[in-house]
Each structure stands twice: as C-alpha cells, then as structure tokens.
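Visitor: First, the structure itself, so that you have it in front of you.
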Amino acid sequence: MLDRLRIGLGFDVHPFKEGRPLFIGGIKIPYEKGLDGHSDADVLIHAVVDSILGALGLGDIGEHFPPSDPKWKGAPSSEFLKYAAETLRKRGAELISIDSTLILELPKMKPHYPAMREKMAEILGITIDRIHVKATTTERLGFTGREEGIAAQAVCLLSLGQKL
Ligand code: MG
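Here is the structure:
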C-alpha cells in the first residue's frame, strides 16, 4: 500500500484585472475585480489540478490545456478539474486528500471555504473531509501584499491503481 502512495504539488498565480468576475475554488465571489487569464483564471483550481497531475506524473496543466488553444478561452476551470478527476479514475487511482492555501490580502476567503470545498469535492467525486482550503496573507509584502494578484498552493496525496 505505502509504495503506491504519491504526493503532488501545485502552485499558481493570476493577476487582478478590473471588470472580470472573481472565480476561486469553482465559486463566483462578489468582489470589485477578478483575476486575469486565458480561462476563468481560477487560481485555486489550477493549483489543485497541477497537484493531481504531478502526483500522477503527468506534467502540468499547461500541457493538457495549452493557453495557445482558443478552445480554452474563457473556459470554466471546473472543466480542468473534471478532466483531472476522469484521469484519476481511468488510472484506477484513489484521491486520498488535498490541502490548499490561498495567498492574498483581500477579499476575505473564510466565508467561502465551505462552498469551495463542496464544489471541488463534488467535481472530484470525493467527500468534503478529503479536501481542505485555507488562506494566508504575506503581511502586505510582495505582489499579493500589494493586492496585485492571488497565489495558490495545493498538495494532494493519492494511491495509484493497479493499472499504472
Ligand atoms: Mg493558472
């Protein structure tokens, strides 16, 4: 069992942009600005997807969903998470847990944790206790401290299926 465990790490950053909706963890969050990117720029889902792909040894989100492909322009990142969930299933892997940290000053994320966890757990086909979301500031230092963007980190632990 232990020799089939794999961890994966994901990290992502998106800059704020006026006039865009803010999507984090698959949830639309009411705020004065959103994140810029080719897709809906859901920084948390991107980090989670990268952690899953990393644990499976399958490269990164940019290889699977190239920003150069117009197909993904404005795409909801929930599609990327669905793809990660399907990839896991096809390989017979079991997602044991995901932990994540958002790095930002504003808006306050705490009220949205339950909805984000619920949404991502539903897409991944896991129970809510297997996915965690939290946030920290950088004490006003750096680009997150200047409120220029949001960063996200995620780790996942999974057990490989017999097919790999
Ligand atoms: Mg991204």
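In the working numbering, the protein residues as written are 1 to 164. Every residue gets a Cβ at the ideal spot worked out from N, C-alpha and C, and that includes glycine. Since we're looking at a predicted model, the values are computed, not measured.
Can you give me the Cβ contacts of A1 inside the same chain, cut-off strictly under 8 Å, excluding the 5 residues immediately before and after it?
Guide: Checking the sequence, you will find Met at residue 1 rather than Ala. Taken in chain order, the residues that qualify are S159.
Visitor: Using DSSP with H/G/I as helix, E/B as strand and the rest coil, what is A151?
Guide: Strand.
Visitor: Apart from the five residues on each side of it in sequence, which residues of its chain come closer than 7 Å, Cβ to Cβ, to I29?
Guide: Counting only Cβ-Cβ distances below 7 Å, and skipping sequence neighbours, we find L22, P107 and H112.
Visitor: Starting from D50, follow the alpha helix (DSSP H) in both directions and report where the run begins and ends.
Guide: First-last of the alpha helix (DSSP H) with D50: V43 to L56.
Visitor: Taking the beta strand (DSSP E) that K71 belongs to, which residues open and close that run?
Guide: Where K71 is concerned, there is no enclosing beta strand (DSSP E), given that its DSSP letter is neither H nor E.
Visitor: Which residue marks the beginning of the alpha helix (DSSP H) containing R117, and which one marks its end?
Guide: R117 -> alpha helix (DSSP H) spans Y113 to L124.
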